[in-house]
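Structure, as structure tokens:
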């Protein structure tokens with residue numbers, strides 16, 4: 001390539017030719033890129049998932065999370081084909097304040113389940129997305145060191161992508177795929193205490209709230225909404241000099257729970273202390289969860305809860321599709337921009353603008 005800067009009119013300036021880019025020493029790199037770009041057929045996805053092929057399962061989950069219409073069409077077919085093989089797992093939602101040790105606890109709980117109970121474990125960990133860049137670190141695996149290496153564990157970190165409270169929009173569909181792949185225990189981790197608890201509670205059989213002691217007034221952590229949703233409360237980091245503080249915090253929570261009405265399940269939440277880092281009390285926490293699941297299956301609350309969850313997600317899906325169709329109406333983008341300008345000019349109120357937009361009929 002000839003550089004114009006080497007012309008005689010530019011004295012003292014010399015631009016050398018760049019070094020030619022070298023090809024990759026990996027002869028399979030081109031094949032790998034081509035393979036990644038191609039989509040499998042619906043039959044191939046379903047067969048791979050049913051075989052327990054982790055690679056195919058991961059690709060199917062990526063398809064479910066995609067916003068491309070062609071990907072969504074295939075994903076929905078895969079989900080429908082997997083639906084008859086789902087519903088046989090124990091789904092546990094895990095939440096808590098940031099820094100409570102959720103990921104470390106999941107690592108401890110998961111290893112206990114795999115070693116003592118058996119089966120296969122899937123962890124759906126939702127990572128918070130940046131409101132500015134929309135990016136996400138997806139670093140949950142780094143805090144689940146043992147599970148990340150276990151052959152019967154599947155860890156899927158997903159970006160929250162601005163969805164309600166940080167819960168991935170497609171987590172429920174991912175649960176169906178994992179169950180069809182033979183995962184009989186599924187953990188769903190939220191990004192922290194907030195609006196996400198309602199969504200997580202609507203897709204799990206047991207909702208575990210992780211708290212810590214010694215971070216200030218324990219009563220500040222007792223919020224009625226989250227406490228009423230919890231099926232069990234555990235105080236983490238009950239080790240070393242923090243054991244007594246954890247026990248006192250547990251007493252505070254037990255007393256607070258006595259003031260709440262009895263849950264629909266008929267089982268008042270238990271409060272335990274443990275240490276996820278040192279694996280102290282992990283066995284007792286899982287025994288609490290197992291006893292709860294056994295009891296609700298016996299008294300019918302398990303089936304009732306799952307039926308309510310099905311109806312909840314029907315209306316959630318309706319709202320989502322109505323919203324998508326609304327914004328995809330021809331001319332809607334221009335209409336919204338016009339009313340934004342009127343709003344900023346002070347010529348119309350936001351409520352009046354919304355009414356006018358809803359009246360739009362192209």
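Numbering (this note's numbering), first residue to last: 1 to 362.
The beta-carbon is built from N, C-alpha and C at its ideal position, and this holds for glycine as well.
All values reported here derive from a predicted model rather than from experimental measurement.
Assigned secondary structure, residue i (DSSP; H/G/I helix, E/B strand, else coil)
i	result
residue 242	helix
residue 301	helix
residue 267	coil
residue 81	helix
residue 280	strand
residue 137	Only weak support is given to the placement of residue 137: the predicted model assigns it a pLDDT of 40, under 50, and the value that follows is read from those uncertain coordinates. Correct three-state label for residue 137: coil.
residue 295	helix
residue 129	Legend: pLDDT at residue 129 = 49, less than 50; position of this residue unreliable, value from coordinates given subsequently. Residue 129: coil per DSSP, three-state reduction.
residue 144	coil
residue 348	coil
residue 317	helix
residue 355	helix
residue 307	helix
residue 71	helix
residue 150	coil
residue 41	coil
residue 262	coil
Buried or exposed by the 16-neighbour rule on C-beta atoms within 10 Å, applied to residue i
i	result
residue 88	exposed
residue 49	buried
residue 69	exposed
residue 261	exposed
residue 107	buried
residue 43	exposed
residue 324	exposed
residue 91	buried
residue 55	exposed
residue 231	buried
residue 300	exposed
residue 183	buried
residue 225	exposed
residue 67	exposed
residue 102	buried
residue 255	exposed
Closest by C-alpha distance to residue i, when choosing among the options
i	options	result
residue 180	155, 120, 125 and 170	120
residue 100	334, 56, 110 and 246	246
residue 111	152, 98 and 43	152
residue 284	39, 53 and 116	116
residue 96	189, 78, 273 and 309	189
residue 306	205, 361, 333 and 254	205
residue 72	253, 170 and 201	170
residue 368	265, 308 and 282	The chain is shown from 1 up to 362; residue 368 falls before or after that span and cannot be answered.
residue 267	213, 321 and 296	296
residue 146	113, 322 and 174	113
residue 282	144, 109, 78 and 187	109
Residues bridged to residue i [DSSP beta-bridge criterion]
i	result
residue 211	235
residue 124	156 and 188
residue 206	92
residue 272	234
Pairwise C-alpha distance: residue j and residue i
i	j	result
residue 172	residue 203	7 Å
residue 357	residue 75	33 Å
residue 83	residue 288	29 Å
residue 348	residue 335	14 Å
residue 157	residue 292	27 Å
residue 208	residue 234	7 Å
residue 319	residue 351	20 Å
residue 63	residue 277	35 Å
residue 302	residue 176	17 Å
residue 359	residue 155	46 Å
residue 338	residue 85	49 Å
residue 227	residue 210	11 Å
residue 201	residue 60	24 Å
residue 275	residue 341	56 Å
residue 45	residue 331	38 Å
residue 148	residue 333	44 Å
residue 354	residue 346	14 Å
residue 290	residue 329	49 Å
residue 137	residue 126	Residue placement at residue 137 is poorly supported in this model, since its pLDDT is 40, which falls under 50; the coordinates still yield a value, given next. If I take the Cα positions, the gap works out to 11 Å.
residue 251	residue 239	17 Å
residue 243	residue 271	14 Å
residue 258	residue 57	43 Å
residue 317	residue 124	20 Å
residue 406	residue 361	Past the edges of the chain, shown from 1 to 362, lies residue 406, and the structure says nothing about it.
residue 51	residue 344	57 Å
residue 313	residue 47	26 Å
residue 279	residue 286	12 Å
residue 79	residue 213	42 Å
Residue i beta carbon near the ligand SAM (any heavy atom closer than 7 Å)
i	result
residue 90	Annotation note on the ligand SAM: not contained in the displayed structure, which lists no ligands.
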